[in-house]
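Numbering (this note's numbering), first residue to last: 17 to 133.
So this is what it looks like as structure tokens:
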């Protein structure tokens, strides 16, 4: 059985591994790109640029950040680059948020118990 400090250290290490995901998702444009790719189909950079006010080059830079965080992957199809979501990394982010939520739930329970005494 691990000690409480070892458990905390493991939890913190897991959250640190998720930091690049949250950093990449901390931009409205990148969140929009992830949402568009969340429909499940591969989309070209041109498709992802349509209906936006940003340039193709800017979209490519945002996609590169998302790719660096492991949230999307690209493949070449002729002259086009096709992008798709990497669901495992989103699952990692969800696990990190679940860990944080459990921690806060526990902290609130302890506070409530203390106040009710």
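C-beta atoms are modelled at their ideal positions from N, C-alpha and C, and glycine is treated no differently. These numbers come from a predicted model, not from an experiment.
For the beta strand (DSSP E) that residue 93 lies in, which residues bound it at each end? By one-based count along the chain shown, residue 93 stands at place 77. For residue 93, the enclosing beta strand (DSSP E) covers residues 88–93.
The beta strand (DSSP E) enclosing residue 98, as first and last residue numbers: As a first step, residue 98 must be located in the chain shown, where it is residue number 82. Per DSSP, residue 98 belongs to the beta strand (DSSP E) from 96–101.
Assuming contact is defined by CB atoms lying nearer than 8 Å, are residue 62 and residue 98 in contact in what I supplied? Position 46 of the chain shown holds residue 62. Position 82 of the chain shown holds residue 98. For residue 62 and residue 98, no; Cβs fall outside 8 Å.
Could you check which residue in 83, 105, 89, 80 has the C-alpha nearest to that of residue 33? Counting from one through the chain shown, the residue named residue 33 turns up at place 17. Nearest option by C-alpha distance: 105.
How would you write the range of the alpha helix (DSSP H) that residue 42 sits in, first residue to last? Taking the first residue of the chain shown as position 1, residue 42 is located at position 26. Careful: residue 42 lies outside any alpha helix (DSSP H) and carries neither H nor E.
Could you give the first and the last residue of the continuous alpha helix (DSSP H) run that contains residue 83? For the purposes of this step, residue 83 is taken as residue 67 along the chain shown, with counting starting at 1. 72–84 is the span of the alpha helix (DSSP H), which, as asked, contains residue 83.
Below 8 Å, how does it come out for the region 73–91 and the region 115–131: are there three or more Cβ pairs, yes or no? no
Using a 10 Å radius around the Cβ and a threshold of 16 neighbouring Cβ atoms, would you call residue 155 buried or exposed? Residue 155 lies beyond the range of the chain shown here (17 to 133); nothing can be said about it.
Of the listed residues 88, 93, 110, 23, nearest to residue 50 (C-alpha basis): Numbered from its first residue, the chain shown carries residue 50 at position 34. Per the Cα distances, 88.
Environment of residue 70 [buried if 16+ CB atoms lie within 10 Å]: Translated into the one-based positions of the chain shown, residue 70 becomes position 54. Result: exposed.
What are the boundary residues of the alpha helix (DSSP H) that residue 61 is part of? Counting from 1 along the chain shown, the entry for residue 61 is found at position 45. From DSSP, the alpha helix (DSSP H) with residue 61 extends over 61–65.
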